[in-house]
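Position in the sequence shown (from 1) plus 589 gives the number in the numbering used here.
Cβ atoms here follow ideal geometry from the backbone N, Cα and C, with glycine treated the same way.
Here's the structure, in structure tokens; my notes come after.
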Amino acid sequence: MNHKQATTLWCAVIVEELIRQGAGFFCISPGSRSTPLTLAVASNPKARFRMFPDERSAGFYALGYTRATGMPAVLICTSGTAVANYFPAVVEASADAQPMLVLSADRPFELLEAGANQTIRQQDIFGGYSRWSFELPEPGTATPLASLLSTIDQALRRSLGSPAGPVHLNLPFREPLEPEAPDFTHPWAAPLEAWRVSGEPWSRFALPLCEPRAESIAALREILAGAERPLFVAGNMSNAADGEAVAALADSLGVPLFADLTSGIRLSSTCTPWQLAFQNEALTDRFQPDVVLHFGGPLIGKQPATALRKHPPLHYVVVRDHPGRFGPDHNVTLTLEASPASVASALEACREPLPGIDCGDAFSAASGIIDEVACKPDEPVNEISAPRIVSSLAGGDHALFVANSMPARDMDLYAAPRAKKPLRVALNRGVSGIDGIISTAAGYSAGLGKPATLLIGDISFLHDLNALSLLGHPWNPLIVIVLNNNGGGIFSFLPIAAQTDRLDECFATPQNFSIESAARTFGLDYVNPTTNHDFMNIYAEALNTNKSLVIEVNSDRQENLRLHRTLKAQLDPVFGKAAFFGNL
């Protein structure tokens, strides 16, 4: 078997085994050194793939696909800085325990650190952010193909394990790189004959069930049985069943539940938006939880952590399905590594239900105030009304992706009460970056197989502008709502705003680019509604078109700050006098 045939067979085996293990979606960036891998994907009729001119965008698209499906997308790139451009997406996937597979083509040994073009040190380039990093040998008949198959299986197992995350396989190839049909009767390929005809993976693996230990559940049941003022917190959870189980447990026990936007249950008809109440210091001074049971990971808002620093609970229990440490305030007294759903099930009837908390009138009043202050039909559409309208109109046949900074905070705080079933929502909250957001949202839409809405700020939009080239594809129809306040609006809310006269110059960084021109450049429709009524009509119509669209919402940073402060001032009396926790 000659070199071309060996390389062709080598790559065909890799691609086929990935597909058989369930990782059959490939995000490919074109390049010469990766030619054998790219053509192996294109030649396999079972493979689904998409080409990306930019590796950074490809990395985030793969991340979005994974967030939707739970299975890793496979990234393929050429050698050199191509693989380095995956780094931001790899970091986000690692921090948020999302599986991902990176297959980087490389120069062979003799070209490394020898002045060869497009050559860098690629092995272990992601450092501690990869769950496993491994360099394969150059294709050749001296390496048993069974070892290649078991390596691919190990890569999938490590990516999907606990904690899930990125795996990097570095694949050096020697020229020539063009394919040539291999001879499967050759002694090197003969041992794979049974695998070839079976259609099954070379080896299967079963991931361990993330069940709680009996003694941990006993200890937790005892803690909750003795609690006088318990509080449940639902943080970042990627499994919808986990959030639903936590919500059901809180309801059955009568325990207040602070549900973050990343929990999957914030935008549901049964969720109480405690975010609004926990902004009020008078309320949090009255309610001092003695036990906090925190399911999942971090929260968008700082309100609970701020309140608990002033009044530390006797017990702070964290339930997560992977072993990473979680406790920024270092106040955790018990950690359970188990799925939130399994723990919630084990805690059923662990105590008598608490007396009902009469909060309906207060939250109804708060909802009316938000609508009156920010959402009047003939008033300008703004950074509070836009997320509120989106959350009220988007249905179960649609999904929502929310960018970081102010969009995440405003959706978490001001989302409208929902009468429909929960809306599928995702965010990049592993490290909360503003890069790659459009790409991630597009990949999320493709993974779900349904259209999505992206709520994004103008700086995040600019950061991933080239990703607009992805939105003409039928796989990922995306309504992109750009909240344009001409800069980083979040800095107006931070202490630095009162301590410097150089806020715009050094922090907000105004960017006077045309969002309309950007949309038109990439062949996308564009609209710019001025009032809440216009925005509602345009968005409602867009939900029915199954087509990508850019909607620009213009805002002024100082007016936005004033609106937020006015709203909080009117909400404070509602929650400051409410006796939610007087009976606990």
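| Item | Value |
| --- | --- |
| N-terminal and C-terminal residue of the beta strand (DSSP E) that Ala848 is part of | 846 to 848 |
| Same chain, Cβ closer than 6 angstroms to Phe884, neighbours up to 5 away in sequence not counted | Ala823, Val835, Val908, Pro929 |
| Ser841 and Glu782 closer than 8 angstroms at C-beta | no |
| Assigned exposure category for Asn1172 - 16 Cβ within 10 Å defines buried | For Asn1172, the predicted structure reports a pLDDT of 46, less than 50, and the residue's modelled location is therefore unreliable. A value from the coordinates is still provided. With fewer than 16 other Cβ atoms within 10 Å, it is exposed. |
| Distance CB(Ser1254)-CB(Ile665) smaller than 8 angstroms | Examination of residue 1254 is not possible in this model, given that the chain is present from 590 through 1173 alone. |
| For Ser928, three-class secondary structure by DSSP | coil |
| Cross-strand partners of Pro819 (DSSP beta bridge) | Val880 |
| Endpoints, beta strand (DSSP E) assigned at Gly616 | Gly is not the amino acid found at residue 616; the sequence shown has Cys there. Residues 614 to 617. |
| Distance between beta carbons of Glu681 and Gly1022, contact taken as under 8 angstroms | 7 angstroms |
| Pairwise C-alpha distance: Met995 and Asp1145 | 13 angstroms |
| Close beta carbons around His1122, own chain, < 6 angstroms, minus the five adjacent residues each side | Pro966 |
| At least three beta-carbon pairs within less than 8 angstroms, the stretch 732 to 745 to the stretch 891 to 902 | no |
| Limits of the beta strand (DSSP E) - the one that Ala988 falls within | 988 to 991 |
| Beta-ladder partner(s) of Gly1046, from DSSP | Leu1072 |
| Inter-residue Cα distance where the pair is Gln877 and Leu725 | 56 angstroms |
| Where the beta strand (DSSP E) through Tyr1115 begins and ends | 1114 to 1116 |
| Beta-carbon spacing of Ile1104, Val1071 below 8 angstroms | yes |
| Closest by C-alpha distance to Ser683, when choosing among Pro801, Phe649, Thr627 | Phe649 |
| Inter-residue CB distance, Asn869 and Gly1165 (contact presumed, cutoff 8 angstroms) | 5 angstroms |
| Cβ-based neighbour list, Leu1051, same chain, cut-off 8 angstroms, excluding 5 preceding and 5 following | Gln1100, Phe1102 |
| Proximity below 8 angstroms, CB of Ile1068 to CB of Thr1098 | no |
| The beta strand (DSSP E) enclosing Asp695, as first and last residue numbers | 689 to 695 |
| Three or more C-beta pairs below 8 angstroms linking the stretch 1134 to 1149 and the stretch 915 to 935 | no |
| Exposure label - Gly704; buried when at least 16 CB within 10 Å | exposed |
| Rounded straight-line distance, which links the Cα of Ser632 to that of Ile1127 | 43 angstroms |
| Residue of Ala1107, Ile973, Ile978 minimising C-alpha distance to Leu1132 | Ile978 |
| Of the residues Ala731, Ala816, Phe1169, Ala735, the one placed nearest Asn591, counting alpha carbons only | Ala731 |
| Ala636: first and last residue of the uninterrupted alpha helix (DSSP H) it sits in | First-last for Ala636: undefined, no H or E at that position. |
| Limits of the alpha helix (DSSP H) - the one that Trp784 falls within | 782 to 787 |
| DSSP-derived helix/strand/coil call for Leu1173 | Bear in mind that the predicted position of Leu1173 carries a pLDDT of just 44, short of 50, making it too unreliable to give a figure here. |
| Cβ contact check for the stretch 614 to 630 and the stretch 658 to 676: 3 or more pairs under 8 angstroms | yes |
| Bridge partners - Ala1015, DSSP secondary structure assignment | Phe990 |
| CB contact flag (Ala686, Gly611, <8 angstroms) | no |
| Identified DSSP bridge partners for Thr740 | Answer is none; Thr740 lacks a bridge partner. |
| Given 8 angstroms, three or more beta-carbon pairs between the stretch 669 to 678 and the stretch 698 to 717 | yes |
| Close-in-space but distant-in-sequence residues of the same chain around Trp863 (CB under 8 angstroms, 5 per side omitted) | Pro845, Leu846, Phe847, Ala848 |
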